[in-house]
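What follows is a short report on a single structure.
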DNA sequence: CAAGATACTTAGGCATGCTAAGTATGTCAA
DNA sequence: TTGACATACTTAGCATGCCTAAGTATCTTG
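Chains as they are written, first to last, in my numbering: chain U, 1 to 163; chain Z, 1001 to 1163.
This is the structure:
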């Protein structure tokens, strides 16, 4: 493991922290700020990976299960997600994003982009390339693999048409 | 403003959120987790920019002044920073990082790097380049300029379609 | 020297996260 | 069949992190 990579990762996390704070402060007062980061992270998972159970959602979103329970409750209140009981397991339920949730998520992304864009004007093509490549890299590496969703013993989760 | 840049910024913030969560969960239980992100962000500012007042620290760290007051109180308790009264202004005081604080900060960075490193093995040289370039880019763009310690930033047009 | 500006702190409130400890429900083996 | 254990999720309770509003000192100035 190169020393440089370690340095970079430390710097990356530090820079990320600031970036998030910058966005948060710019968003203050806008509708996008009404909900909070955890909410958007959760909606993002649902938007990109489709409906899933609370436990899976927690794993993908990298929070503890009880935390996700609360987030889901909030999202339900706002009408951003829908909960469907699972016919095959009365303990569980499937959470899916609603059109409203998707719209709110898109709006948030737009607001964040608008807030940060002024800081990234005049990007050299090479910088833009690097940014693009890094974003994809992060997405690839941090994404939760299919196998590690949980104790994976779900037999072929074939589209049960719950929606 | 290219549409692609906006997309990228949205994705970047989203990816960052997950990255931070991944690191947080890996760090759970370690000494590095004893303190929290805001604390490290603050120490990072002090480590890289030197001693400064509470208000400047708040501006650099992108939080409201009262928030920084609390953070400083925490850091003082832990012995990570030192507070010196300003002879020229009895209202203000200067905060500086202690050796202890610097050591703790370095340790945290090491812990974060160690936690995330496994996700970034086998990086293609081009990916490493992109990562390096992006980290520097973020640092440059988000860094608070000497002039703008105070709150005055171009608010751009925004227009977030808040309807 | 009184009025207003500043630097910071105190108060109060909400959101995120966690662990521990439930409550149902499901599974399996005797 | 049934009792023990595993699971899926929820409830409770606690510790930050952050914010706005409202102080409290302490400058600065007309």
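In this text, a Cβ means the ideal position worked out from N, Cα and C, and glycines have one as well.
Inter-residue CB distance, residue i and residue j (contact presumed, cutoff 8 Å)
| i | j | result |
| --- | --- | --- |
| residue 63 of chain U | residue 1018 of chain Z | With 8 Å as the limit, residue 63 of chain U and residue 1018 of chain Z do not qualify as a contact, their Cβ atoms being about 11 Å apart. |
| residue 1043 of chain Z | residue 1101 of chain Z | 6 Å |
| residue 1096 of chain Z | residue 1046 of chain Z | 7 Å |
| residue 1032 of chain Z | residue 1143 of chain Z | Not a contact, Cβ separation roughly 24 Å. |
| residue 8 of chain U | residue 1132 of chain Z | 6 Å |
| residue 1058 of chain Z | residue 1067 of chain Z | 7 Å |
Where residue i falls, given that 16 or more other Cβ within 10 Å makes a residue buried
| i | result |
| --- | --- |
| residue 1079 of chain Z | exposed |
| residue 36 of chain U | exposed |
| residue 29 of chain U | exposed |
| residue 1061 of chain Z | buried |
| residue 92 of chain U | exposed |
| residue 1103 of chain Z | exposed |
Beta-carbon proximity of residue i to residue j, cut-off 7 Å
| i | j | result |
| --- | --- | --- |
| residue 39 of chain U | residue 54 of chain U | no |
| residue 1130 of chain Z | residue 98 of chain U | no |
| residue 41 of chain U | residue 1119 of chain Z | no |
| residue 110 of chain U | residue 1109 of chain Z | no |
Proximal chain Z residues relative to residue i, where beta-carbon distance stays under 7 Å
| i | result |
| --- | --- |
| residue 134 of chain U | 1130, 1131 and 1134 |
| residue 102 of chain U | The premise fails here: residue 102 of chain U is roughly 14 Å from chain Z at the closest Cβ pair, so nothing lies under 7 Å. |
| residue 122 of chain U | Within chain Z, no residue comes near residue 122 of chain U; the closest Cβ sits about 10 Å away, beyond 7 Å. |
| residue 92 of chain U | Residues of chain Z passing the Cβ test: none, with the nearest at roughly 23 Å. |
Inter-residue spacing [alpha-carbon to alpha-carbon] between residue i and residue j
| i | j | result |
| --- | --- | --- |
| residue 1116 of chain Z | residue 1023 of chain Z | 6 Å |
| residue 82 of chain U | residue 1013 of chain Z | 25 Å |
| residue 114 of chain U | residue 88 of chain U | 44 Å |
| residue 1069 of chain Z | residue 90 of chain U | 49 Å |
| residue 1094 of chain Z | residue 50 of chain U | 51 Å |
| residue 15 of chain U | residue 1086 of chain Z | 30 Å |
| residue 1154 of chain Z | residue 125 of chain U | With a pLDDT of 31 at residue 1154 of chain Z, under the threshold of 50, the predicted position of this residue should be treated as unreliable, and no value is reported. |
| residue 56 of chain U | residue 65 of chain U | 9 Å |
| residue 1076 of chain Z | residue 1084 of chain Z | 11 Å |
Where residue i meets chain U, residues with beta-carbon distance less than 8 Å
| i | result |
| --- | --- |
| residue 1117 of chain Z | 1, 5, 6 and 9 |
| residue 1023 of chain Z | 13 |
Cross-chain neighbours of residue i in chain U, by beta carbon under 7 Å
| i | result |
| --- | --- |
| residue 1032 of chain Z | The premise fails here: residue 1032 of chain Z is roughly 11 Å from chain U at the closest Cβ pair, so nothing lies under 7 Å. |
| residue 1097 of chain Z | Within chain U, no residue comes near residue 1097 of chain Z; the closest Cβ sits about 14 Å away, beyond 7 Å. |
| residue 1062 of chain Z | 18, 21, 22 and 25 |
| residue 1141 of chain Z | 119 and 120 |
Residue i: contacting residues in chain U (beta-carbon distance under 9 Å)
| i | result |
| --- | --- |
| residue 1109 of chain Z | 6, 7, 9, 10, 11, 13 and 14 |
| residue 1037 of chain Z | 13 and 17 |
Any non-hydrogen atom of the ligand GDP closer than 6 Å to residue i Cβ
| i | result |
| --- | --- |
| residue 1050 of chain Z | Ligands are entirely absent from the displayed structure, and the ligand GDP is therefore not among its contents. |
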